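See below for the structure under consideration.
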Amino acid sequence: MSDQTHFRGIARRSFLATIAGGVTVAALPRRLLAAEQPTLVTSIRSLSNPYHAVWKTGADAFAASIGLNHVTLVSEGNSEKGIADIKAMLAKTGGNMVLNSDPNDTPDARPIVEACAAAGASVVTQWNKPTDLHPRDFNPFYVSHIEFDGIASGKQIAEILFKSIGGSGGIIALGGQISNTAAIERKTGLEQALAANSGIELLDFQVANWKSGEAYDLTSNLLTRFGDDVKGIWAANDDMGTGALEALRAEGLAGKVPVVGVDGIKAAVDAVRAGEFACTVTSDPFWQGGMGLAIGLAAHQKKFDPAAEPPDHREFYGQAVLISKDNVEEYYKTNVEAQPKLDWTDLWGRVTGPIRSV
Numbered sequence: 001m002s003d004q005t006h007f008r009g010i011a012r013r014s015f016l017a018t019i020a021g022g023v024t025v026a027a028l029p030r031r032l033l034a035a036e037q038p039t040l041v042t043s044i045r046s047l048s049n050p051y052h053a054v055w056k057t058g059a060d061a062f063a064a065s066i067g068l069n070h071v072t073l074v075s076e077g078n079s080e081k082g083i084a085d086i087k088a089m090l091a092k093t094g095g096n097m098v099l100n101s102d103p104n105d106t107p108d109a110r111p112i113v114e115a116c117a118a119a120g121a122s123v124v125t126q127w128n129k130p131t132d133l134h135p136r137d138f139n140p141f142y143v144s145h146i147e148f149d150g151i152a153s154g155k156q157i158a159e160i161l162f163k164s165i166g167g168s169g170g171i172i173a174l175g176g177q178i179s180n181t182a183a184i185e186r187k188t189g190l191e192q193a194l195a196a197n198s199g200i201e202l203l204d205f206q207v208a209n210w211k212s213g214e215a216y217d218l219t220s221n222l223l224t225r226f227g228d229d230v231k232g233i234w235a236a237n238d239d240m241g242t243g244a245l246e247a248l249r250a251e252g253l254a255g256k257v258p259v260v261g262v263d264g265i266k267a268a269v270d271a272v273r274a275g276e277f278a279c280t281v282t283s284d285p286f287w288q289g290g291m292g293l294a295i296g297l298a299a300h301q302k303k304f305d306p307a308a309e310p311p312d313h314r315e316f317y318g319q320a321v322l323i324s325k326d327n328v329e330e331y332y333k334t335n336v337e338a339q340p341k342l343d344w345t346d347l348w349g350r351v352t353g354p355i356r357s358v
C-alpha cells in the first residue's frame with residue numbers, strides 16, 4: 001500500500017492529533033502533505049491558439065487565488081494525445097484531481113469522463129460532448145458541461161456581416177472542425193441567417209479547422225477564384241477570421257471587405273477597433289478557464305452535491321458578449337488592457353439556461 005493510499009485511510013482527526021503530538025509538518029513526507037490538496041488540471045487544444053492562451057491565463061489566475069497547483073495539458077489537435085495525457089495525470093495524482101477540459105473533438109468527451117469517474121476525479125467539460133453523454137449519469141464526478149449557444153452566435157455575426165455589406169452580395173465562410181459541436185452549431189446559425197436574407201449569396205464554405213494559417217491559404221485561393229464578388233467573410237472563430245484578414249491585407253482589401261468571427265481574442269478586438277472586423281462574439285475564455293476549475297473544485301471539496309443541483313447547473317449555456325464598434329473601446333479598456341476581476345465563488349452567475357435537447 002502506498003503512503004498516499006494509507007494517508008487517505010487516516011481520519012483527519014488522527015492526522016491532526018499526530019501533528020499536535022510532536023511530529024512536525026516539515027518531517028512528514030511531501031506526498032502525505034499534498035494528499036488532501038487536489039491538483040487542478042486544464043486540458044485544451046493549443047497555446048498557439050490565442051483563445052486557449054487566454055483560457056490558460058484565467059485558469060492560472062484562479063489557481064493562484066487559492067494557492068493550488070495548476071497543470072496545463074495541450075493536445076495540439078491530436079485526440080489520442082489529449083486523452084492519453086489526461087489518463088497519465090489521473091494516474092500521477094491518484095485521482096485527487098479537478099479537470100477542466102475542452103475536448104479536442106466531440107467523441108473525446110466520453111473516454112475523458114469515464115476515466116475521471118473511474119479514478120474518482122472531478123471533471124467539467126466545455127463546448128464538446130456527445131448529446132447522449134450527461135453529467136447526471138456520472139454523479140458526482142462529472143460535475144457540469146458548459147457551452148455557449150453556437151447557433152445564436154453564428155446567426156448574430158452573420159446578420160451583422162450582412163448589414164455591413166448593405167444586405168446584398170456574395171460572402172465566403174470558414175468553418176471549424178467538421179465533427180466539433182461549436183463548429184456545427186455556428187454553421188447552422190449561418191445557414192439560418194442566409195435563409196432569412198435572400199440578397200446574400202454564399203459563394204463557398206470551406207473548413208479551416210480553427211487555424212489561422214489554413215484560413216489564410218483558403219481565403220487567398222477564394223479571393224483569386226471569386227475576385228470582387230467577395231463582399232464579406234464569415235469565420236466560425238477569430239483565429240480563422242484574423243487569418244482571412246491577413247489574406248485581405250495582402251490584396252489591399254483590409255477594411256474594405258468586412259470580417260466577422262467568434263471568441264473575442266485581442267487581434268479580433270483590435271480589428272474591430274480598426275474597422276476591419278464588423279464584430280466578434282466572446283464567451284470570455286478567461287472566465288471559462290478559471291470558472292471551469294472553480295465549479296469542479298467546489299464539487300470535489302464537497303461544497304455542493306452535483307446530484308442535488310438543478311439541470312441548468314449541470315448542462316448550461318454561458319453568457320456570450322457581442323463586441324462591435326458600439327462597445328469595443330470599453331471592452332478593450334476592461335478586458336484587454338487590464339486583467340478582468342472576477343468573483344470565482346459566483347459559480348452560476350453566468351448561466352443563461354439549460355442546453356437545449358437535440
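Residues in the sequence shown are numbered from 1 upward in steps of one, following the UniProt record's numbering. Even for Gly, the Cβ is constructed at its ideal location relative to N, Cα and C. In this text, all values refer to a predicted model and were calculated from it rather than measured experimentally.
Take every Cβ of the region 177-185, pair it with every Cβ of the region 162-169, and state whether three or more of those distances are shorter than 8 angstroms.
Result no; under three Cβ-Cβ pairs closer than 8 angstroms.
Sort out for me which residues DSSP pairs A173 with in a bridge.
Indexing the sequence shown from 1 puts residue 173 at position 173. DSSP lists F205 and W234 as partners of A173.
Quick one: give me the first and last residue of the alpha helix (DSSP H) that I112 is part of.
In the sequence shown, the residue the question calls residue 112 occupies position 112. Where I112 is concerned, the enclosing alpha helix (DSSP H) starts and stops at A109 to A119.
For Q126, list the residues DSSP reports as bridge partners.
Counted from its first residue, the sequence shown places residue 126 at position 126. In DSSP, Q126 forms a bridge with I146.
Using the three-state DSSP reduction, which class does E309 fall into: helix, strand or coil?
Here residue 309 corresponds to residue number 309 of the sequence shown, with the count starting at 1. Three-state DSSP puts E309 in coil, outside helix and strand.
Nearest-angstrom Cα distance between N237 and S153?
Indexing the sequence shown from 1 puts residue 237 at position 237. Indexing the sequence shown from 1 puts residue 153 at position 153. In a straight line, the C-alpha of N237 is about 10 angstroms away from that of S153.
Identify whether S48 lies in helix, strand or coil by the three-state DSSP scheme.
Taking the sequence shown and counting its residues from 1, one reaches residue 48 at position 48. In the structure shown, the three-state DSSP call for S48 is coil.
Exposed or buried, what is Q37 when buried is set at 16 or more other beta-carbons lying within 10 Å of its beta-carbon?
Position 37 of the sequence shown, counting from 1, holds the residue named residue 37. Around the beta-carbon of Q37, fewer than 16 other beta-carbon atoms lie within 10 Å, marking it exposed.
Among R356, V123, D346 and M97, nearest to W287 - alpha-carbon criterion:
Locating residue 287 in the sequence shown gives position 287, counting from the first residue. With distances taken between Cα atoms, W287 lies closest to D346.
Taking all protein chains shown into account, do 16 or more other C-beta atoms lie within 10 angstroms of the C-beta of Q156, making it buried, or fewer, making it exposed?
The residue given as residue 156 occupies position 156 in the sequence shown. For Q156, the number of other beta carbons within 10 angstroms of its own is at least 16, and it is reported as buried.
Using a 10 Å radius around the Cβ and a threshold of 16 neighbouring Cβ atoms, would you call P310 buried or exposed?
Walking along the sequence shown from the start, residue 310 turns up at place 310. If you draw a 10 Å sphere on the C-beta of P310, you find fewer than 16 other C-beta atoms in it, and that means exposed.
Can you tell which of W210, N69 and T42 has its C-alpha closest to the C-alpha of K87?
Residue mapping note: residue 87 aligns to position 87 of the sequence shown, counting from 1. Distances from the alpha-carbon of K87 to those of W210, N69 and T42 put T42 closest.
Compute the Euclidean distance between the alpha carbons of L99 and Q177, then round it to the nearest angstrom.
The residue labelled residue 99 in the question sits at position 99 within the sequence shown. The residue labelled residue 177 in the question sits at position 177 within the sequence shown. L99 and Q177 have their C-alpha atoms some 23 angstroms from each other.
Go ahead and pull the three-state DSSP assignment for N100.
Translated into the one-based positions of the sequence shown, residue 100 becomes position 100. Collapsing the DSSP output to three states places N100 in a strand.
Kindly list the residues whose CB is nearer than 7 angstroms to the CB of N139, restricted to its own chain and excluding five residues on each side of it in sequence; keep chain order.
The residue you call residue 139 lines up with position 139 of the sequence shown. Excluding sequence neighbours, N139 sits near P306 and A307.
If you measure between the beta carbons of D217 and A247, is that distance less than 9 angstroms?
Taking the first residue of the sequence shown as position 1, residue 217 is located at position 217. Taking the first residue of the sequence shown as position 1, residue 247 is located at position 247. Their beta carbons are under 9 angstroms apart, which means D217 touches A247 by this criterion.
From S79, A53, S65 and E80, residue whose alpha carbon lies closest to that of residue 359:
Absent from the structure is residue 359, since the part of the chain shown begins at 1 and ends at 358.
Touch check for the region 110-129 and the region 139-148: three-plus C-beta pairs under 8 angstroms?
Taking a cut-off of 8 angstroms on C-beta distances, the region 110-129 touches the region 139-148, as three or more cross pairs fall below it.
If you drop the 5 nearest sequence neighbours on each side, which residues of the same chain put their C-beta closer than 7 angstroms to that of W348?
Taking the sequence shown and counting its residues from 1, the one referred to as residue 348 is at position 348. Correct list, in chain order: H313.
Tell me which residue opens and which closes the beta strand (DSSP E) that F277 is part of.
Residue mapping note: residue 277 aligns to position 277 of the sequence shown, counting from 1. If you look at F277, you'll find it in the beta strand (DSSP E) that goes F277 to T282.
Count the other C-beta atoms from every protein chain shown that fall within 10 angstroms of the C-beta of E330, then say buried if there are 16 or more, exposed otherwise.
To locate residue 330, count along the sequence shown from 1; it is residue 330. With fewer than 16 Cβ atoms within 10 Å of its Cβ, E330 is classed as exposed.
With burial defined as no fewer than 16 other Cβ atoms inside 10 Å of the residue's Cβ, what is the status of A338: buried or exposed?
Along the sequence shown, one-based indexing puts residue 338 at 338. Exposed, by the Cβ-count rule.
Span of the alpha helix (DSSP H) around V86:
If you number the sequence shown from 1, residue 86 lands on position 86. A quick correction: the sequence has Ile, not Val, at residue 86. Looking at the DSSP string, the run of the alpha helix (DSSP H) that includes I86 is S79 to T93.
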